[in-house]
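Here the sequence shown is numbered in this note's numbering, starting from 6 and rising by one per residue.
Below is one structure, written out as structure tokens; the observations come after it.
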Amino acid sequence: MEAGSVLYAAMSLTRDATSALCFGELRLSDAARDVGTPCYVYDLDGIADGARALDRAFAGAPHLVCYAIKANSAGAIVRAVAAEGCGVDVVSGAELILAVSCGVSTERIVYSGVAKRDDELDLAIATGPRGIGAVQIESLEEIARIEARAREAGRRARVSVRINPAIDLREATHAHIATGHDEAKFGVPLEDAADAVRVVGASAHLELVGMGVHAGSQFTSLDPYLHSARVLFDLVRGLRSAGPLPSLAFIDTGGGFGVDYGEGLSVTPGDFVRAVRAEQAAHGLGDLALYVEPGRSLVAAHGVLLARVIQSKATSAARWLMIDAGMNDLIRPALYQARHRVVPLDLDAANVESVVWRVVGPVCESSDDFGEHLLPRLAPEVVAILDAGAYGYTMASAYNGRPLPVEVFVRAGKVVARTSRGAVAAWAAERAAAGGVATP
Ligand code: LLP
């Protein structure tokens, strides 16, 4: 690879003249040395640039990009996307509090989730001058509960009906992350959608402001996404022709824009938006604001997980490279058989021959396996696992008594913030105390 060249188009990763992997001027090997490994490093400029590019795809039409903060809820990242005008999609009371404390306008928050607790609904209804932007209804049964909480609060809660489009996209992505088929727990069944709209319309404590769909994640082509958008648009067009929906302000086609994990994807988040806007216009719904809820596509490519090689080992099965990051730090390979590229931080001109290494973590599970990767024959000291900015840290756990990894945030090639590693000794003491066992 050329020095200074961008490693992959949507990413801010480059190699400098000495072939060191960098975010801008920051050499990732310096970050690994300063904070220790495993650590996540994120490029906030790349994230902000991506948010701006997505915004341009709306060409000034009314819209809201609701960043799905489950992908990465680090405060620095939520603040960076909020500064670009994004709202957020939250899925818990804690995410709601986090978003508000990061300065996201309450008007720009939508709240999805099949099982929102009463206290979480109360928070959503009480937050902000008029409650949050919209609580997304996910079942006919949930409506009465939201209405009761709003009545109790003496407020009119703004709601949106999230439908289940009943289309099976399990082949178009991983089955675990397809949510729009009729065996999935998500959304109001399509056949109940008109009822849901009628029940909401009859309530003095609810106001129907939106209709939405989210059919799944990591769609690598436009068709599945457009298919679910069309189901929503057909429904809304039909409902409106049956009678006016005066408070309806937005249609929300959800998240799911796929990212390139190294297979050479050419479709961009902007392409998804432009295609959906064309469908929206074709359905005569151009007067409604278009909401989208991207998570992964805003952050995945701008985060790496750095790991140090602890040990190599050769067996008849493989040439193993054991690193200090495991499935507790990045569970996607174990959970979805996802492949993340693994690259050395530094390239050594004297060590150019590549061989296949099976890269695995230290966790006592066979699924703690990052797969086979071409890496220098002499094992590198530190490697970067790419595209780890989404669903990495937010899905991390302390399994095997491993502390959560440090996170480092970079702007203009400088570290602007970092978190600290959960202390293992404190973790052990707390667990011991919880069982009433005296600690040493
Ligand atoms: N909106 C809703 C209602 C969602 O459930 C999700 C993701 C999103 C938006 C954002 O989707 P995205 O743009 O990130 O595809 N842990 C899995 C992904 C789970 C996605 C869950 N819902 C993974 O690592 O692939």
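Cβ coordinates follow ideal geometry from the N, Cα and C atoms, glycine included.
For clarity, every value in this text was computed on a predicted model and none was experimentally measured.
At least one heavy atom of the ligand LLP falls within 7 Å of the beta-carbon of residue 94.
Ranking 299, 391, 402, 439 by CA distance to the CA of residue 48 puts 391 first.
The secondary-structure analysis by DSSP pairs residue 192 with nothing; it has no beta-bridge partner. By the criterion of at least three beta-carbon pairs nearer than 8 Å, the region 122-140 is in contact with the region 91-98. Counting of Cβ neighbours within 10 angstroms places residue 121 among the buried residues, the total reaching 16 or more. Taken from the Cβ of residue 80, every heavy atom of the ligand LLP lies 7 Å or farther away. Less than 8 Å divides the Cβ of residue 212 from the Cβ of residue 252. Taken in chain order, the unbroken stretches of alpha helix (DSSP H) that lie wholly in the region 88-174 and span 4 residues or more are 98-106, 123-131, 145-158.
As far as DSSP is concerned, residue 396 takes part in no beta bridge. Under the three-state reduction of DSSP, residue 70 is assigned to strand. Counting only runs of 3 or more residues that sit fully inside the region 341-402, the beta strand (DSSP E) segments are 347-349, 359-365, 374-381, 387-390, in chain order. As computed with DSSP, residue 328 is found in a beta bridge with 314.
Judged by pairs of C-beta atoms under 8 Å, the region 379-394 touches the region 35-50, as three or more such pairs exist. The C-beta of residue 402 has fewer than 16 other C-beta atoms within 10 Å across all chains shown, which makes the residue exposed.
Exclusion of residue 56 from the 7 Å shell around the ligand LLP follows from its C-beta lying no nearer than that to any non-hydrogen atom of the ligand. Annotated three-state conformation of residue 257 is strand, per DSSP. Comparing C-alpha distances from residue 148 to each of 162, 409, 238 shows the shortest one belongs to 162. The ligand LLP never approaches residue 296 closely enough for any of its heavy atoms to be under 7 Å from the residue's Cβ. Under the 8 Å Cβ criterion, the region 218-231 counts as touching the region 257-271, having at least three qualifying pairs. Straight-line spacing of the CA atoms in residue 421 and residue 322 works out to 43 Å. If you look at residue 296, you'll find it in the beta strand (DSSP E) that goes 294-297. 8 Å or more divides the Cβ of residue 187 from the Cβ of residue 207.
As computed with DSSP, residue 284 is found in no beta bridge at all. Of the residues 107, 32, 216, the one whose Cα lies closest to the Cα of residue 201 is 216.
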